[in-house]
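*Asks:*
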Amino acid sequence: MEKLVLSGSPHIKAPRTTKSIMIDVCVALLPATVVGIVFFGLNALITMIISVVGAFAAELIWKMAFMRKNFRQFAAEFDFTSIVTGMLIGMNMPPLVDWYIPLIADFFAVWIVKMLFGGTGRNIVNPAIAGRVFVFLSFGIVAANGFVEPIVTGNGTFTDVVVAGSTPLGSLFMNGEFTATNMQLFLGTVPGCIGETSALALIVGGLYLVVRRVIDIRWPVIYIAVTGLLTVAIKGFDFTWFLPSILSGGLMLGAIFMATDYVTTPNTTWGNVIYFVALGVITAVLRCNNGTEVVSFAILLMNLVVPIIDKYIFPRPFGHVKQPKAKKQKAVKEGE
Amino acid sequence: MQKFVKKTFRHGVHFHDKKELSKGQATEVMPTPSDVFISVSQHIGAPSAVTVAPGDKVVKGQLIADAVGGLGCKVYSSVCGEVVEIVKKAGATGALSDHIHIRTDGSDETMTLPPMTSKDGAAIRQRIADAGIIGMGGAGFPTGVKLSPSKPVDTLIINGAECEPYITCDYRIMLEKTAGIVSGARYLAEACGVENVVFGVEDNKMDCVAALSEAGAKVVVLKKKYPQGAEKDLIFAVNGRKVPCGGLPMDVGVIVQNVATAYAAFEAVENNKPCYERVVTVSGGGVKQPKNLLVPNGTSYRDLLDYCGGASDDTVKIISGGPMMGFAVMDLGVTTTKTTGSVLALTKAEANLTMPTPCINCGRCARACPMSLMPMYIDFYTLAGDYDTAVKYGALNCFECGSCAYVCPARRAIVQSVRLCKQKIKERKK
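So the sequence lines, in the order shown, correspond to chains A and B.
Counting from 1, position 156 in the first sequence corresponds to residue 167 in my numbering; the numbering is continuous, with no gaps.
Counting from 1, position 144 in the second sequence corresponds to residue 145 in my numbering; the numbering is continuous, with no gaps.
Printed below as a string of structure tokens:
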């Protein structure tokens, strides 16, 4: 007891840290990643590794080269956010994508979207989504190429490469054909991005996050339900659309893991309700209109609206006295 | 067992209360230390005026400093002995104030207040002011002043929530001095002229609830949640009234008093004893034998810890008060006052020694805030120097319970930001 520490209250802390939350998110992403690798084979594994290592390297290079930190400082403040970004980017890539595509997405996400705005907690949009959208828009067909039939149904080789648009979601909304059964969509035995096909694995990961109190179960449920129900309504209340529309494409991955990113969601209950309902509406309307996958774009768009939501929606303090009353009293006083 | 409806407030945090360390320890009378330093500024008003001079002999219960101003408070000697000097010394908050240094002589002569001639409201109020009783929950507001509200009140709530972890001093006196507290509460009620007296006790102290109910008190069982004992949240939990922002409990017709205050009132009215000692919990992982002690005012923390077997080597923080709202002290020479409920020695494993990392906007602080504020924005705008925006998000409504900083995964020092903001606003008004 040679030295006493002097600091302000409180003197005890909850065990939760940013790092432990991010590690929980990584753990929750594992089931879908493993399922993706099992279904899509070695290429998927390589893509995932490139993506995660790339994101880590991007942060390391930025901190050591531009912020002049030594490795020990870097390790002390490393909070696993870039690992989450890397995993999400990998999971959003087609299995046979060219090796440099996830790498470019990583560097764009970590450098441009996260670090330039001030690092963890200061990015205005979700880095992983920004990275994915950036490569899909910039590289077009190169990035969108490489969807394969999963090994369990096809054989996972280049001969099975299917072009963008013939994933179940594409054919569903473009041509109105149901190319996969609901059970296939639920288990993930359909072509698609590495981590987005298996709704089951994503839901398992999501429930883990809910149990660990990292995310609130209400928000993904609102997003998914609004998307599904609005799709049904647009298609003339044909309820056969409900399950395919919520199980296919990137909705599960987006709703559970990307839309619920702390940094880019509102801070209040009602702000969150507005945010997730708006996400659902944008997703359903644009999907039915364009026939392509729009979850990333919807989230990107709503991320940018969050500061406005937060500016106008915040709770009144406990015991708040309504403003008009005070004004009336003033008026009376002035009248006197 | 009887079933109770557990009442509570919105938001707040749940944590392990760590009360088991000292819960089972019956209150012991601490042997009189050789030296005491009694502060003349234990309450929130102007410091009391010293009425003794170095060399004077004083006895236990003798007036040594008189009240000054409307919020003043009398100070009584807690020991028999000789006044050595009047020194300027740092209190638990670090602020310097005059302390009366008394060297004890081992005798046990006690002086009491003159017996009361009548026991009506005004006389009781006068007696409570004369006895130097202040709010013993921690704020140190002179009780005599609080009992003469300028607005009509109809309810007196006796606060036995004791929501801070580790502390068990209120728990022990509720168990051991049940009858005294109940009649003390009745005296307090008479002093402010209300009929309705309600005890608010958290559900981790069900034995106190049973004891108090048996003694004829009306008890409301509250859910164990921090900060259940905060005045505004306690009132909302007990009778659903919302104290307006910037207002006082009397604006909604309520007065809140701590159980220790009620017991001090009982002692003053019934036994003519002025307020010069209180029960202090000495606890924490760094204390060999956690105890509840009846301690004379002005005992140094070193004496307290030594009596409990000393602080262990891995102690990193000594805290005056609870771990959520208390003050870390810089040396063990700091002495107890009427408001010191506990002295804690926290080890490295328990204490918060972390440095802040960037906010990730998770919203946990807003969900924990009992006042429904937006702590993350208060922190952000205060550090950016934009105090007006911080006030817009409620900086001035914050009562610094620390729930936000407790739950923060990024370890933001939110409470310090709030204090900085309040300070800056105060400076600007001058």
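C-beta atoms are modelled at their ideal positions from N, C-alpha and C, and glycine is treated no differently.
Fair warning: this is a prediction, and the values are worked out from it, not measured in the lab.
1) Please list the partners that Ile32 (chain A) has in chain E, where partner means a Cβ-to-Cβ separation under 9 Å.
2) Hey, how far is the Cα of Asn166 (chain A) from the Cα of Gly199 (chain A)?
3) What are the boundary residues of the beta strand (DSSP E) that includes Arg279 (chain B)?
4) Per DSSP, what are the beta-bridge partners of Leu97 (chain B) in this structure?
5) List the residues of chain B whose Cβ lies closer than 8 Å to the Cβ of Ile23 (chain A), in chain order.
6) Please report the Cβ distance between Val37 (chain B) and Gly311 (chain B), rounded to the nearest whole angstrom; I am assuming they are in contact, meaning their Cβ atoms lie under 8 Å.
7) For Met185 (chain A), count neighbouring Cβ atoms within 10 angstroms of its own Cβ and tell me buried if that reaches 16, exposed if not.
8) With DSSP as the reference, label Phe325 (chain A) as helix, strand or coil.
9) Is Phe118 (chain A) close to chain B? Criterion is C-beta to C-beta, closer than 8 Å.
10) If Leu223 (chain B) sits next to Asp204 (chain B), beta carbons under 8 Å apart, how far is it from one beta carbon to the other, in whole angstroms?
11) How far does the alpha helix (DSSP H) with Asn7 (chain A) in it reach, from first residue to last?
12) Can you tell me where the beta strand (DSSP E) with Gln258 (chain B) in it begins and where it stops?
13) Quick check: what's the CA-CA separation for Lys80 (chain A) versus Val124 (chain A)?
14) Just mark Thr355 (chain B) as buried or exposed, buried being the case when its beta carbon has 16 or more other beta carbons within 10 Å.
15) Should Ile182 (chain B) and Met175 (chain B) be called a contact, given that it needs their Cβ atoms to be closer than 8 Å?
16) Taking only three categories from DSSP, how would you classify Val46 (chain A)?
17) Please list the partners that Gly395 (chain B) has in chain A, where partner means a Cβ-to-Cβ separation under 8 Å.
18) Quick check: Asp90 (chain A) and Met33 (chain A), are their CB atoms within less than 8 Å of each other?
19) Under a three-way DSSP split, which group does Lys339 (chain A) fall into?
20) Just to confirm my understanding: we take Met2 (chain B), look at its own chain, exclude 5 residues before and 5 after, and list those with CB closer than 6 Å. What are they?
21) If contact is defined by three or more beta carbon pairs under 8 Å, each pair taking one atom from either stretch, is the segment 18-38 of chain B in contact with the segment 116-128 of chain B?
22) Quick check: the Cα distance between Leu290 (chain A) and Met263 (chain A), rounded to an integer number of angstroms?
23) Please check if any C-beta of chain A sits within less than 8 Å of the C-beta of Ala320 (chain B).
24) When burial is assigned at 16 or more other CB atoms within 10 Å of the CB, is Lys226 (chain B) buried or exposed?
25) When you compare the CB positions of Pro143 (chain B) and Gly287 (chain B), do they come within less than 8 Å of one another, or not?
26) Examine chain A for any beta-carbon lying closer than 8 Å to the beta-carbon of Ala329 (chain B), and answer yes or no.
27) Of the choices B:Asp380, B:Cys309, B:Ala391, B:Gln229, whose alpha-carbon is the least far from that of Val416 (chain B)?
28) Decide if the segment 369-384 of chain B is in contact with the segment 333-343 of chain B; the criterion is three or more beta carbon pairs, one per stretch, under 8 Å apart.
29) Which first and last residues belong to the beta strand (DSSP E) in which Pro297 (chain B) is found?
30) Whose C-beta lies closer than 8 Å to the C-beta of Glu196 (chain B) among residues of the same chain, with five residues either side of it excluded?
31) Just tell me which of B:Ala261, B:Val220, B:Gly141 has its CA closest to the CA of Val281 (chain B).
32) What does the Cβ neighbour count give for Ile319 (chain A), buried or exposed, with the cut at 16 atoms within 10 Å?
33) Assuming Phe145 (chain A) contacts Ile135 (chain A) under a Cβ cut-off of 8 Å, what Cβ separation, rounded to an integer in Å, is found between them?
34) Just to confirm, are Ala369 (chain B) and Gly73 (chain B) a CB contact at a threshold of 8 Å?
35) Answer yes or no: do Thr279 (chain A) and Ile324 (chain A) have a C-beta to C-beta separation smaller than 8 Å?
36) Does the beta carbon of Pro34 (chain B) sit closer than 8 Å to a beta carbon anywhere in chain A?
*Replies:* So, to answer that:
1) This model lacks chain E altogether; the protein chains it does include are A and B.
2) At Asn166 (chain A) the pLDDT is 47, less than 50, meaning the model places this residue with poor confidence; the figure from the coordinates comes in the next sentence. One C-alpha to the other measures close to 15 Å.
3) First-last of the beta strand (DSSP E) with Arg279 (chain B): 278-284.
4) B:Ala91
5) Against chain B, a Cβ distance below 8 Å from Ile23 (chain A) picks out Phe16, Pro166, Pro324, Met325, Leu347, Glu351, Ala352, Asn353, Tyr407.
6) No, Val37 (chain B) and Gly311 (chain B) are not in contact; Cβ-Cβ is about 20 Å, not under 8 Å.
7) Exposed.
8) coil
9) no
10) 7 Å
11) This structure cannot settle anything about residue 7 (chain A), because the visible part of chain A is limited to 12 through 347.
12) 255-259
13) Lys80 (chain A) and Val124 (chain A) have their C-alpha atoms some 20 Å from each other.
14) Exposed is the call here.
15) yes
16) helix
17) Pro328
18) yes
19) Confidence in Lys339 (chain A) is poor, its pLDDT being 47 and thus under 50, which makes the residue's placement unreliable; the coordinate value appears in the next sentence. Reduced to three states, the DSSP call for Lys339 (chain A) is helix.
20) With a pLDDT of 42 at Met2 (chain B), under the threshold of 50, the modelled position of that residue is not reliable, and the figure given next carries that caveat. There are no such residues.
21) These segments do not touch.
22) In a straight line, the C-alpha of Leu290 (chain A) is about 13 Å away from that of Met263 (chain A).
23) The sequence shown places Ile at residue 320 (chain B), rather than the Ala named in the question. With 8 Å as the cut-off, Ile320 (chain B) counts as an interface residue toward chain A.
24) buried
25) Judged by their CB atoms, Pro143 (chain B) and Gly287 (chain B) are not nearer to each other than the 8 Å cut-off.
26) yes
27) Cα-wise, what sits closest to Val416 (chain B) is B:Asp380.
28) no
29) 292-297
30) Asp155, Ala190
31) In this structure, B:Ala261 is the residue among B:Ala261, B:Val220, B:Gly141 with its C-alpha nearest to the C-alpha of Val281 (chain B).
32) exposed
33) Going by Cβ atoms, the distance from Phe145 (chain A) to Ile135 (chain A) rounds to 14 Å, so no, they are not a contact pair.
34) no
35) In contact: Thr279 (chain A) and Ile324 (chain A) (Cβ atoms closer than 8 Å).
36) no
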